[in-house]
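Read through the structure below, which is laid out as structure tokens, and then see the notes.
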Amino acid sequence: MNLPSPTAPVRGVLLVHGAWHTGHAWDGVAAGLRTLGVPVAVAELHRGSLAADIAAAEDALDRLSGNGPAVACGHSYGGAVITGLAPERVDHLVYLAAMMPDHGETALGLLAGAPPTALATAMVGDRAGVTTIAPGAAGELFHGQLGTAERARHTAGLVPQAMAAGLHPTASPAWRERPSTYVVCSEDRAVHPELQGRFAARATHVLTWRSDHGAFASHRDETVGLLHRLATTGSPARQEE
402 MNLPSPTAPV
412 RGVLLVHGAW
422 HTGHAWDGVA
432 AGLRTLGVPV
442 AVAELHRGSL
452 AADIAAAEDA
462 LDRLSGNGPA
472 VACGHSYGGA
482 VITGLAPERV
492 DHLVYLAAMM
502 PDHGETALGL
512 LAGAPPTALA
522 TAMVGDRAGV
532 TTIAPGAAGE
542 LFHGQLGTAE
552 RARHTAGLVP
562 QAMAAGLHPT
572 ASPAWRERPS
582 TYVVCSEDRA
592 VHPELQGRFA
602 ARATHVLTWR
612 SDHGAFASHR
622 DETVGLLHRL
632 ATTGSPARQE
642 E
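Going by the working numbering, 527 is the number at position 126 of the sequence shown; the sequence numbering is gapless.
So this is what it looks like as structure tokens:
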């Protein structure tokens, strides 16, 4: 087996949340990784533009600078953010039901070109281009596989989202220079699995989970396991695989 040597450095992990979420969405995953000895940094977005969100993720990477290039994991819109990171700062990119744009593509443009999902009817917008998710729809939309109490806890943390960032095109996709893993969430009601399949065709490795959109919660242990393997062995596969 290709086990890591006892002195092999552990890569840090950067976690990047999606639209309407905050860094607290990753609390369970971050705690699990830290328990296993993996350094973790969590980006906080909502900076008003894709470029500003990428800069926020770069700032979070600075907290992992002593561990070399990091494993960067983006959920949903967070995938567009990790795609814009400087390739030399990233060891591996992980897309969790996430946008994986190519040069010139935008997150909202990619969604518009995919089969419709419940996301379109759950969004409530205003004239300033800020949207929220209708409270009665958020639970099923993002966390259909969670129990009632856990679902309510996660949806209570949702915040308004300025949509401008989703209209900004990707300039230099890091996944064209660094290895990547795409996790297709086959029960997703927000980002259509067909669109995820298109992104998966761009990735170096592909995994499929029978997960809702919020895989960081419903598949927390699987997410922790995947990121821990990448941080310690550089491979997304279990040793027995």
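Note that CB positions come from ideal geometry on N, CA and C, so glycine has one too.
Check whether the Cβ atoms of Ser581 and Ala604 sit closer than 8 Å, and answer yes or no.
Locating residue 581 in the sequence shown gives position 180, where the first residue counts as 1. Locating residue 604 in the sequence shown gives position 203, where the first residue counts as 1. Yes, the pair counts as a contact, with Cβ atoms nearer than the cut-off.
Rounded to whole angstroms, what's the CA-CA distance from Gly469 to Ala498? Just pull it up for me.
Here the question's residue 469 lines up with position 68 in the sequence shown. Here the question's residue 498 lines up with position 97 in the sequence shown. The straight-line gap from Cα to Cα measures roughly 26 Å.
Hey, would you say Ala616 sits closer than 8 Å to Thr624, going by beta carbons?
By 1-based counting over the sequence shown, the position of residue 616 is 215. By 1-based counting over the sequence shown, the position of residue 624 is 223. In contact: Ala616 and Thr624 (Cβ atoms closer than 8 Å).
According to DSSP, what are the bridge partners of Thr609?
Counted from its first residue, the sequence shown places residue 609 at position 208. The partner list for Thr609 (beta bridge, DSSP) reads Val585.
Span separating the alpha-carbon of Ser636 from that of Ala473:
The count along the sequence shown starts at 1 and reaches residue 636 at position 235. The count along the sequence shown starts at 1 and reaches residue 473 at position 72. Whole-angstrom Cα-Cα distance: 14 Å.
Excluding sequence positions up to five away, which residues of its chain have a Cβ less than 6 Å from the Cβ of Pro440?
Numbered from 1 along the sequence shown, position 39 holds the residue referred to as residue 440. If we look at Pro440 and ignore the five residues flanking it on each side, its Cβ neighbours are Gly413, Leu465, Asn468.
Outcome for Ala602 when other beta-carbon atoms lying within 10 angstroms are tallied against a minimum of 16
Within the sequence shown, numbered from 1, the residue matching residue 602 stands at position 201. That one is exposed.
Could you pull out every residue in the same chain whose Cβ sits closer than 6 Å to the Cβ of Ala523, ignoring the five residues on either side in sequence?
Taking the first residue of the sequence shown as position 1, residue 523 is located at position 122. For Ala523, where only same-chain residues beyond five positions count, the Cβ hits under 6 Å are Ile534, Ala535, Ala538, Leu542.
Does the beta carbon of Ala601 fall short of 7 Å from some heavy atom of the ligand PLP?
The ligand PLP is not part of the structure shown, which contains no ligands of any sort.
Alpha carbon to alpha carbon, how far is His425 from Gly505?
Sequence index remark: in the sequence shown, residue 425 carries index 24 (1-based). Sequence index remark: in the sequence shown, residue 505 carries index 104 (1-based). Taking C-alpha positions only, His425 is separated from Gly505 by approximately 30 Å.
For a test of the three-state rule: what should DSSP assign to Val531, helix, strand or coil?
Walking along the sequence shown from the start, residue 531 turns up at place 130. Strand, per DSSP.
Shortest alpha-carbon distance to Met500 belongs to which of Pro517, Gly479, Asp492?
Working through the sequence shown from its first residue, we reach residue 500 at position 99. Met500 has its Cα closest to that of Gly479, out of Pro517, Gly479, Asp492.
Counting only the same chain and skipping the five closest in sequence on each side, list residues whose C-beta sits under 7 Å from that of Ala431.
Working through the sequence shown from its first residue, we reach residue 431 at position 30. Answer for Ala431: Leu416, Val441, Val443, listed in chain order.
Where DSSP assigns a beta bridge to Thr415, which residues make up the other side?
Position 14 of the sequence shown, counted from the first residue, corresponds to residue 415. The amino acid occupying residue 415 in the given sequence is Leu; Thr does not appear at that position. Partner(s): Ala442, Ala473.
Residue(s) in a DSSP beta bridge with Gly635:
By 1-based counting over the sequence shown, the position of residue 635 is 234. In DSSP, Gly635 forms no bridge with anything.
Are the beta-carbon atoms belonging to Pro502 and Ala508 less than 8 Å from one another?
Taking the first residue of the sequence shown as position 1, residue 502 is located at position 101. Taking the first residue of the sequence shown as position 1, residue 508 is located at position 107. Yes, Cβ-Cβ distance for Pro502 and Ala508 is below 8 Å.
For Pro410, count neighbouring Cβ atoms within 10 angstroms of its own Cβ and tell me buried if that reaches 16, exposed if not.
In the sequence shown, residue 410 corresponds to position 9, counting from 1. Exposed, because fewer than 16 other Cβ atoms sit within 10 Å of the Cβ of Pro410.
Return the bridge partner residues of Val491 from the DSSP annotation.
As a position in the sequence shown, residue 491 is number 90, starting the count at 1. In the DSSP output, where bridge partners are listed per residue, Val491 has Ala471.
With a threshold of 8 Å on Cβ separation, who are the neighbours of Thr484 within its own chain once the five nearest residues in sequence on each side are excluded?
Residue numbering aside, residue 484 sits at position 83 when the sequence shown is read from its first letter. Correct list, in chain order: Gly475, Leu494, Met500, Met501, Pro502, Thr571, Pro574, Ala575, Trp576.
So, helix, strand or coil for Val430, using DSSP?
Position 29 of the sequence shown holds residue 430. If DSSP states are grouped into helix, strand and coil, Val430 belongs with the helices.
Taking its Cβ as the centre, do 16 or more other Cβ atoms sit within 10 Å of Gly433, making it buried, or is it exposed?
Along the sequence shown, one-based indexing puts residue 433 at 32. It counts as buried.
Can you round the beta-carbon distance between Ser619 and His544 to whole angstroms, since I take them to be within the 8 Å contact cut?
By 1-based counting over the sequence shown, the position of residue 619 is 218. By 1-based counting over the sequence shown, the position of residue 544 is 143. About 7 Å separates the Cβ atoms of Ser619 and His544, confirming a contact at the 8 Å cut-off.
Do you know offhand how far Arg490's Cα is from Ala461's?
The residue labelled residue 490 in the question sits at position 89 within the sequence shown. The residue labelled residue 461 in the question sits at position 60 within the sequence shown. For Arg490 and Ala461, the distance between alpha carbons rounds to 11 Å.
Where do the ends of the alpha helix (DSSP H) carrying Val482 lie?
Taking the first residue of the sequence shown as 1, we reach residue 482 at position 81. Taken as a continuous stretch (DSSP letters only), the alpha helix (DSSP H) holding Val482 covers 479–484.
Reference Val525; option with closest CA among Ala553, Gly548, Gln562, Glu445
For the purposes of this step, residue 525 is identified with residue 124 of the sequence shown, where counting begins at 1. Closest by alpha carbon: Gln562.
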